[in-house]
Structures are given as C-alpha cells and as structure tokens.
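Engineer: Using our numbering, the letters of the sequence shown map in sequence onto residues 4 to 288. Positions of the beta carbon are idealized from the N, C-alpha and C atoms, including for glycine. None of the values given here were measured: they were computed from a predicted structure.
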Amino acid sequence: MTKFLHRSPSRARAASERGVALVIALLAMVLMTALGMALMLVSETETLIGSNYRDSVEASYVADAGIERVMQDVLSIPDWNAILTSPDNVRAGVTSGFVDGTLAPTLPDGRTINLQSATNMINCNKTSACSDAEMDANDGMRQWTKNNPRFRLFAWGPVNDLNPTPTLNSPFYVAVWIADDGAESDDNPSLDGGPASAAWQADGVDKNPGAGVLTLRAEAFGPGGAHRVIETTVARTDSTELERGYTGQRGQDEQNRRARKASVQNPGASLGRSTMSVSGGLVSQ
Numbered sequence: 004m005t006k007f008l009h010r011s012p013s014r015a016r017a018a019s020e021r022g023v024a025l026v027i028a029l030l031a032m033v034l035m036t037a038l039g040m041a042l043m044l045v046s047e048t049e050t051l052i053g054s055n056y057r058d059s060v061e062a063s064y065v066a067d068a069g070i071e072r073v074m075q076d077v078l079s080i081p082d083w084n085a086i087l088t089s090p091d092n093v094r095a096g097v098t099s100g101f102v103d104g105t106l107a108p109t110l111p112d113g114r115t116i117n118l119q120s121a122t123n124m125i126n127c128n129k130t131s132a133c134s135d136a137e138m139d140a141n142d143g144m145r146q147w148t149k150n151n152p153r154f155r156l157f158a159w160g161p162v163n164d165l166n167p168t169p170t171l172n173s174p175f176y177v178a179v180w181i182a183d184d185g186a187e188s189d190d191n192p193s194l195d196g197g198p199a200s201a202a203w204q205a206d207g208v209d210k211n212p213g214a215g216v217l218t219l220r221a222e223a224f225g226p227g228g229a230h231r232v233i234e235t236t237v238a239r240t241d242s243t244e245l246e247r248g249y250t251g252q253r254g255q256d257e258q259n260r261r262a263r264k265a266s267v268q269n270p271g272a273s274l275g276r277s278t279m280s281v282s283g284g285l286v287s288q
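(1) Just the Cα atoms here: how many angstroms apart are H230 and V102?
(2) In three-state terms, what does DSSP make of M183?
(3) Under the rule that 16 or more other beta-carbon atoms within 10 Å means buried, what is G100, buried or exposed?
(4) Could you round the C-beta distance between V179 and I70 to whole angstroms and report it? I think they count as a contact, below 8 Å.
(5) Residues in its own chain within less than 7 Å of N151 by CB, not counting five upstream and five downstream?
(6) Per the DSSP calculation, W159 is bridged to which residue(s)?
(7) By the three-class DSSP mapping on this structure, what secondary structure does T148 have?
(8) Helix, strand or coil: which one does DSSP assign to V23?
(9) Closer than 8 Å is the cut-off here; do at least three beta carbon pairs connect the segment 62-80 with the segment 112-130?
(10) Given this structure, state the Cα-to-Cα distance separating F224 from A41, to the nearest angstrom.
(11) Less than 8 Å between the CB atoms is what I'm expecting for I80 and V93, so what's the real figure, rounded?
(12) Do you know whose CA, among K149, F154, D112, lies nearest N128's CA?
(13) If you draw a straight line from the C-alpha of G143 to the C-alpha of K149, how long is it?
(14) Going by beta carbon distance, what residues of the same chain come within less than 8 Å of N259, once the five residues before and after it are set aside?
(15) Taking the beta carbon of V3 as the centre, do at least 16 other beta carbons fall within 10 Å, making it buried, or is it exposed?
(16) Quick one: does the C-beta of D103 sit closer than 7 Å to a heavy atom of the ligand GTP?
(17) DSSP state of V73, grouped into three classes?
(18) Under a Cβ-count criterion, where at least 16 other Cβ atoms within 10 Å of its own Cβ denotes burial, should T218 be classed as buried or exposed?
(19) Check whether the Cβ atoms of A132 and N117 lie closer than 8 Å to each other.
(20) Is the beta carbon of F157 sitting closer than 8 Å to the one on A95?
(21) Where do the N-terminal and C-terminal ends of the beta strand (DSSP E) with A238 fall, by residue?
(22) What distance in whole Å lies between the Cβ atoms of D189 and N84, which are believed to be in contact at a cut-off of 8 Å?
(23) Can you tell me which of the three DSSP states V305 falls into?
(24) Determine the DSSP secondary structure at V93, reduced to helix, strand or coil.
Right, here's the structure in full:
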C-alpha cells in the first residue's frame, strides 16, 4: 500500500527562508563597517587639512619674520653695493648677522634643504649652476634681461635662532635672499644705481628709476613640505633717512613708487624681544 505525504504551504515557505536572517545580519554589518570607515576617513582628512592650514599660516609668519629681521641689517649698511657683490654666486658679499653654518640644513622632520640649489632655482629656474646668459634671459617672470635681479643669500637659519632668547618654538627654517631691483637701467645687477644705459639717457638726463632700491625674498620651509615665499623692496630716499617699503609682489615702476611713497620710516631700529604664535604671528616688544 502506497502512502503519500503532503507538506503544508507554511512549512515549505519556512524551509525556503532559512538563512535569510544571517544574510541580512551580514549585510547590515558590512554597511555599518563601511559607514564607520567613511567617518574615520573624513575625520583623518579633516585633521590633515587643519594641520596643513596651520603649517601654511605659520610659514607665512616665519617668512615675514625673516624679512623683519633682515630689514634691520640692511638699514644699517651704508653702502648697498657691498651687499650686491658675490664671492661665490650664492652668498651676498656682506651677509646678515643671522647666518647658519651650513648651506644644506636638515629640518626636524629629516628633510634636507639645499640652499645653493634653491638660489639657482630663483635665478634661472634650475638646480644646477646658472650661467650669465641664463640669468639675463627673459622668461616672463624675469623680464628685465641684463637688469634681472641676481639673488644672493643674505640670511638663513632656524627660525628659533631669530631671537637670542628661547622665546620661539617652531620647526621652520627661513632663508632670505637679496638682489638689486629689476627696474634699474644700468645693466649691472651687481651695482646699486650706476649710470643709466644709453637708452635711458636719450634726452641727456641720467634716469635710473631703480637706484637706491633693493629686493628681498624670504622663503620659509617647514614640516610636510610647507613652503611660503614673500618678496619686498627696500628703498633709500634722496635724504639721509632710510625708508622701508612693502609690496605684495615685484613689479617695476609701481613697485618703486610704492616703496618710496608709502614706506614706513624706522632708521637704526634694533630687534627686541619677540614671540611667535600661530594665531598672533610675530610680536616685537
């Protein structure tokens, strides 16, 4: 006798749904894990952005502090031609009192800066030695040809050494280069305000708009590749007073006009005690 067994519909449906709860639980776990990893990534990215912004701001303060420190030395040198001479095409003839003992300093994060290569990059956009023709070339940024500034190291060292007292605590390194102003017309970047070239003497008047003007370039180097550049001009007036002038970037006649007309007089000033912070910058007392 043959017997037939019939399975009820509810039992069949329950059997077919076995393991669904496990699959749903696994999918939920994967989703939560993905969300957690996304939140961690966002948090880490925000931290890096904040760190980079902090280093960028501090680099700007450090470059500005280098300019302020060097300004005191420049204003105390009566003959600027002594600065523009160069014994080795890297350092200025007369340098600042703020000078490190090496041209290849190592930063706290282990990176090494080659200041000789940095000088070449400024003057001819390559790390190897620059020829006179390369420094005189018009590359768009340096359009004064024979009057192109030839930057030489004037001051360099850890920013913590800017003050003789241990009031600074920064991992940054700062270097300041100095050069003749590009708007001069004497075709001699190693001489401040020599006789103008024949093209500028066509009417019988010796015109040299860049006489008594120097260009300073400060670069700050910090952790994680932080790097900032500030360029300024220093102008000497026709009187015995010395004036300081800032410009946002190097121009030509406009730069010299602003340096002469909108400068801040501070002859013979000395550097006092200074403190630096990310929020407040450099404060001199």
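Structural biologist: Taking the geometry as given:
(1) The count along the sequence shown starts at 1 and reaches residue 230 at position 227. The count along the sequence shown starts at 1 and reaches residue 102 at position 99. Between H230 and V102, the C-alpha separation is close to 20 Å.
(2) Here residue 183 refers to the residue found at position 180 of the sequence shown. For the sequence presented, residue 183 should be read as Asp rather than Met. Note: D183 maps to strand in three-state DSSP.
(3) Translated into the one-based positions of the sequence shown, residue 100 becomes position 97. Taking all protein chains shown into account, G100 has fewer than 16 neighbouring C-beta atoms within 10 Å of its C-beta and is therefore exposed.
(4) Translated into the one-based positions of the sequence shown, residue 179 becomes position 176. Translated into the one-based positions of the sequence shown, residue 70 becomes position 67. Indeed, because the Cβ distance is near 7 Å, the residues count as touching under 8 Å.
(5) In the sequence shown, residue 151 corresponds to position 148, counting from 1. Spatial neighbours of N151 in its own chain (CB-CB distance under 7 Å, excluding positions within 5 residues in sequence) are listed in chain order as M138, D139, R145, G185, P192.
(6) Working through the sequence shown from its first residue, we reach residue 159 at position 156. Beta-bridge pairing by DSSP links W159 to V102, A178.
(7) Here residue 148 refers to the residue found at position 145 of the sequence shown. DSSP places T148 in helix when its eight states are reduced to three.
(8) The residue labelled residue 23 in the question sits at position 20 within the sequence shown. Note: V23 maps to helix in three-state DSSP.
(9) Touching, no.
(10) Counted from its first residue, the sequence shown places residue 224 at position 221. Counted from its first residue, the sequence shown places residue 41 at position 38. Cα to Cα, the separation comes out at about 33 Å.
(11) Numbered from 1 along the sequence shown, position 77 holds the residue referred to as residue 80. Numbered from 1 along the sequence shown, position 90 holds the residue referred to as residue 93. In fact, because the Cβ distance is near 19 Å, the residues do not count as touching under 8 Å.
(12) Position 125 of the sequence shown, counting from 1, holds the residue named residue 128. Taking only the C-alpha atoms, the option nearest N128 is F154.
(13) As a position in the sequence shown, residue 143 is number 140, starting the count at 1. As a position in the sequence shown, residue 149 is number 146, starting the count at 1. So the alpha carbons of these two residues sit roughly 14 Å apart.
(14) One-based indexing of the sequence shown puts residue 259 at position 256. Below a pLDDT of 50, predicted positions are generally treated as unreliable, and N259, at 46, falls in that range; no measurement from the model is reported.
(15) There is no way to answer for residue 3, as the model of the chain reaches only from 4 to 288.
(16) No copy of the ligand GTP appears in this structure; indeed no ligand is present at all.
(17) The sequence position of residue 73 within the sequence shown is 70, counting from 1. Helix at V73.
(18) Taking the sequence shown and counting its residues from 1, the one referred to as residue 218 is at position 215. By the neighbour-count definition (other C-beta atoms within 10 Å, threshold 16), T218 is a buried residue.
(19) Translated into positions along the sequence shown, residue 132 becomes position 129. Translated into positions along the sequence shown, residue 117 becomes position 114. For A132 and N117, no; Cβs fall outside 8 Å.
(20) For this step, residue 157 is matched to residue 154 along the sequence shown. For this step, residue 95 is matched to residue 92 along the sequence shown. Inclusion of F157 and A95 in the CB contact set at 8 Å is warranted, their separation being smaller than that value.
(21) Position 235 of the sequence shown, counted from the first residue, corresponds to residue 238. Element bounds for A238: 230-239.
(22) If you number the sequence shown from 1, residue 84 lands on position 81. If you number the sequence shown from 1, residue 189 lands on position 186. At roughly 12 Å, the Cβ-Cβ gap does not stay under 8 Å, so N84 and D189 are not in contact.
(23) No answer is possible for residue 305: it lies beyond the span of the chain, which begins at 4 and ends at 288.
(24) Indexing the sequence shown from 1 puts residue 93 at position 90. Coil at V93, not helix or strand.
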